[in-house]
Amino acid sequence: MAEGGAEGDGTTALRDDIRTLQARISSMNTGSVESQISELQQQIQQLTRNLEEVAAGQDSTSAQKARGRVSKMSGEVVDSNPYSRLMALQRMGIVKDYERIREQTIAIVGIGGVGSVAAEMLTRCGVGRLLMYDYDKVELANMNRLFFRPEQSGLTKTDAAAQTLSSINPDVQLESYTMNITTVEGFEAFKSSISDPQGKSRVDMVLSCVDNYEARMTINQVCLELGQLWMESGVSEDAVSGHIQVIIPGETACFACVPPLVVASGIDERTLKREGVCAASLPTTMGIIAGLLVQNTLKHLLSFGQVTRYLGYSSLKDFFPTMDIKPNPGCANSLCCKLQQAYQQHQASPAVQQQRQAAQQAAAMQQEEAATHDDNEWGIEVVSEPASSQPPQQSAVDSNTQQQNRKPYDHSLPKGLQYETPVNSVDHQHTEDDTDSGQQTVEDLMSQLNAL
82 MAEGGAEGDG TTALRDDIRT LQARISSMNT GSVESQISEL QQQIQQLTRN LEEVAAGQDS
142 TSAQKARGRV SKMSGEVVDS NPYSRLMALQ RMGIVKDYER IREQTIAIVG IGGVGSVAAE
202 MLTRCGVGRL LMYDYDKVEL ANMNRLFFRP EQSGLTKTDA AAQTLSSINP DVQLESYTMN
262 ITTVEGFEAF KSSISDPQGK SRVDMVLSCV DNYEARMTIN QVCLELGQLW MESGVSEDAV
322 SGHIQVIIPG ETACFACVPP LVVASGIDER TLKREGVCAA SLPTTMGIIA GLLVQNTLKH
382 LLSFGQVTRY LGYSSLKDFF PTMDIKPNPG CANSLCCKLQ QAYQQHQASP AVQQQRQAAQ
442 QAAAMQQEEA ATHDDNEWGI EVVSEPASSQ PPQQSAVDSN TQQQNRKPYD HSLPKGLQYE
502 TPVNSVDHQH TEDDTDSGQQ TVEDLMSQLN AL
């Protein structure tokens with residue numbers, strides 16, 4: 082509080098000095114200007130020095146608040162440990178080795194409503210390296226979404242994101258690429274940026290957070306050529322629904338296997354945009370889709386839970402459909418068809434079949450071990466119920482006899498109290514038809530049920 086007050090006093094004093102200087106300039110006449118020039122210059126120099134001191138003080142305050150790098154993740158539960166709650170997943174048995182996330186490299190294409198939030202989530206989770214791609218700049222029209230701030234208007238989205246994320250977690254290595262991947266040069270630059278010197282992919286996952294078909298097809302082609310797994314995401318134009326989809330070249334449908342309805346109908350996507358009309362955008366829907374996308378990414382990278390191949394979301398009905406989209410043998414992309422054939426041949430090999438059988442046996446053994454409780458503090462046992470020596474019909478008769486011998490309900494009230502409405506004189510007992518039902522056989526009951 083003291084530092085903030087000192088900064089406020091400094092800026093207030095500077096503001097007062099500037100007002101005084103402006104008032105003196107306004108009151109000056111032509112004859113006295115030359116005689117007062119040197120005095121005005123001295124005041125301007127003094128104000129400049131004061132401004133530099135205030136700016137230096139603000140920078141030092143920010144530097145004091147920024148945390149240093151953490152060389153190794155720790156599960157120690159202290160307020161100064163930024164990873165204690167993440168490492169708790171390992172202690173609770175959800176993840177075997179959470180620190181493995183530092184070895185992962187993620188590329189996010191599209192730093193907009195979904196991509197920027199996904200980038201922040203991965204940064205807070207401590208991912209090792211984050212590559213960010215976008216060609217647009219931050220605008221005030223983006224302020225209805227999460228992440229970006231008004232003072233970042235005019236900056237490229239990738240640079241603004243790197244600025245914010247580096248202050249959140251300096252342990253994450255950030256790479257910012259301002260480019261349009263849909264151009265010929267952008268395609269080659271994007272492919273080169275995610276490839277190593279040997280021409281293989283250097284990333285563990287590509288997340289597509291773009292808002293147009295052309296960019297998705299570019300990502301699809303690059304990932305097919307590199308054999309790179311990627312996840313596609315999207316939000317509807319009315320901002321009330323969205324989806325995520327896992328795309329594994331050759332194993333699942335690529336983005337060209339099942340094109341969107343607009344594209345399949347032969348409509349040019351660019352003709353749908355009209356001047357003065359924009360798509361709706363809700364930070365809630367964007368945040369939900371980003372959360373589902375990153376959650377699926379973490380499950381894949383850290384090997385826990387079930388990675389959903391396709392997950393939709395409809396906010397109007399709170400509906401989350403899931404499905405498994407198979408590859409299209411007649412896909413328009415010839416490279417996708419070749420990868421499908423290679424995947425099928427690989428799955429039919431004896432080595433893969435043996436691995437599948439071994440995995441099934443291991444899963445069965447693990448399930449049996451999970452059902453065994455070595456530590457039974459309360460001595461709870463599960464025993465089989467002995468077979469009843471009494472015929473079922475006899476049991477029904479005994480139950481019927483108990484109902485007949487039941488005493489009628491006593492409607493009398495304590496002395497001094499009375500019912501507001503008259504009491505029904507009919508006793509609340511089962512009718513004769515109900516009591517006879519105990520004598521009926523199962524066949525009779527079934528016939529009555531069928532008659533209904």
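Reading the sequence shown from the start, the letters are residues 82 to 533 in our numbering. All C-beta atoms, glycine included, are put in the ideal place defined by N, C-alpha and C.
Buried/exposed call for residue i, threshold 16 Cβ in 10 Å
i: Ile-275; result: buried
i: Pro-231; result: exposed
i: Gln-426; result: exposed
i: Gln-271; result: In the sequence on display, residue 271 carries Phe and not Gln. That one is buried.
i: Ser-248; result: exposed
i: Pro-208; result: As written in the sequence, residue 208 is Val, which differs from the Pro given in the question. By the 10 Å Cβ count, Val-208 comes out buried.
i: Leu-307; result: buried
i: Gln-421; result: buried
i: Met-527; result: exposed
Residue i versus residue j - alpha carbon distance
i: Leu-530; j: Pro-402; result: 36 Å
i: Met-202; j: Gly-372; result: 8 Å
i: Val-463; j: Thr-389; result: 36 Å
i: Met-367; j: Gln-279; result: 37 Å
i: Glu-157; j: Met-173; result: 14 Å
i: Trp-459; j: Leu-170; result: 28 Å
i: Ser-415; j: Met-286; result: 23 Å
i: Leu-288; j: Ala-188; result: 6 Å
i: Met-224; j: Gly-194; result: 10 Å
i: Leu-211; j: Arg-205; result: 12 Å
i: Val-327; j: Asp-240; result: 28 Å
i: Thr-129; j: Met-260; result: 38 Å
i: Tyr-394; j: Thr-245; result: 29 Å
i: Gln-435; j: Gln-441; result: 10 Å
i: Met-404; j: Leu-392; result: 7 Å
i: Thr-299; j: Pro-431; result: 36 Å
i: Thr-522; j: Pro-467; result: 24 Å
i: Ser-362; j: Asp-319; result: 7 Å
i: Cys-304; j: Ala-242; result: 24 Å
i: Val-198; j: Tyr-214; result: 14 Å
i: Asp-97; j: Glu-120; result: 18 Å
i: Ala-423; j: Leu-227; result: 42 Å
i: Ala-334; j: Leu-132; result: 59 Å
i: Thr-101; j: Ala-200; result: 47 Å
i: Ile-329; j: Met-446; result: 29 Å
i: Asn-377; j: Ile-99; result: 55 Å
i: Gln-233; j: Ala-104; result: 33 Å
i: Ser-465; j: Gln-302; result: 60 Å
i: Gly-267; j: Asn-409; result: 28 Å
i: Leu-397; j: Val-433; result: 44 Å
i: Cys-417; j: Glu-220; result: 38 Å
i: Ile-118; j: Cys-290; result: 58 Å
i: Lys-281; j: Gln-309; result: 9 Å
i: Phe-385; j: Leu-374; result: 15 Å
i: Asn-162; j: Ala-147; result: 14 Å
Top-ranked residue by Cα proximity to residue i, from the options
i: Ser-155; options: Val-176, Arg-148, Glu-180; result: Glu-180
i: Arg-150; options: Thr-129, Arg-183, Met-224; result: Arg-183
i: Met-168; options: Leu-383, Leu-397, Ser-395, Gln-425; result: Leu-383
i: Phe-336; options: Lys-419, Tyr-294, Lys-398, Val-463; result: Tyr-294
i: Thr-264; options: Ala-296, Pro-330, Ile-329, Glu-318; result: Ala-296
i: Arg-283; options: Gln-185, Gln-123, Ile-125, Pro-163; result: Gln-185
i: Pro-364; options: Cys-418, Ala-104, Phe-229, Gly-331; result: Phe-229
i: Ile-258; options: Val-176, Ser-322, Ala-222, Ser-273; result: Looking at the sequence itself, residue 258 is Tyr, so the reference to Ile does not match. Measuring from the Cα of Tyr-258, the nearest candidate turns out to be Ser-273.
i: Ile-406; options: Lys-281, Leu-397, Cys-338, Ser-396; result: Cys-338
i: Tyr-164; options: Ser-234, Thr-237, Asn-250; result: Asn-250
i: Val-253; options: Lys-153, Phe-385, Leu-420, Ala-429; result: Lys-153
i: Val-316; options: Cys-417, Gly-191, Ile-262, Ala-413; result: Gly-191
i: Phe-400; options: Cys-359, Gly-235, Gln-428, Val-321; result: Val-321
i: Glu-313; options: Ile-370, Glu-332, Ala-444; result: Ile-370
Continuous alpha helix (DSSP H) stretch holding residue i: start and end
i: Gly-315; result: Element bounds for Gly-315: not the alpha helix (DSSP H) but the beta strand (DSSP E), 311 to 316.
i: Ser-197; result: 196 to 206
i: Met-298; result: 294 to 307
i: Ala-169; result: 165 to 172
N-terminal and C-terminal residue of the beta strand (DSSP E) that residue i is part of
i: Met-286; result: 286 to 289
i: Gln-326; result: 322 to 328
i: Tyr-214; result: 210 to 215
i: Thr-186; result: 186 to 190
Residue i at chain B interface by Cβ criterion, 9 Å
i: Gly-156; result: Included in the structure is just one protein chain, with no chain B present.
Residue i: CB within 8 Å of a non-hydrogen atom of the ligand FMN
i: Gly-393; result: Annotation note on the ligand FMN: not contained in the displayed structure, which lists no ligands.
Please give me, in chain order, every unbroken run of the alpha helix (DSSP H) with length at least 4 that falls completely inside the region 238 to 270. 238 to 249
Kindly provide the ranges of any beta strand (DSSP E) runs that are 3 or more residues long and lie completely inside the region 363 to 444, ordered along the chain. 391 to 395
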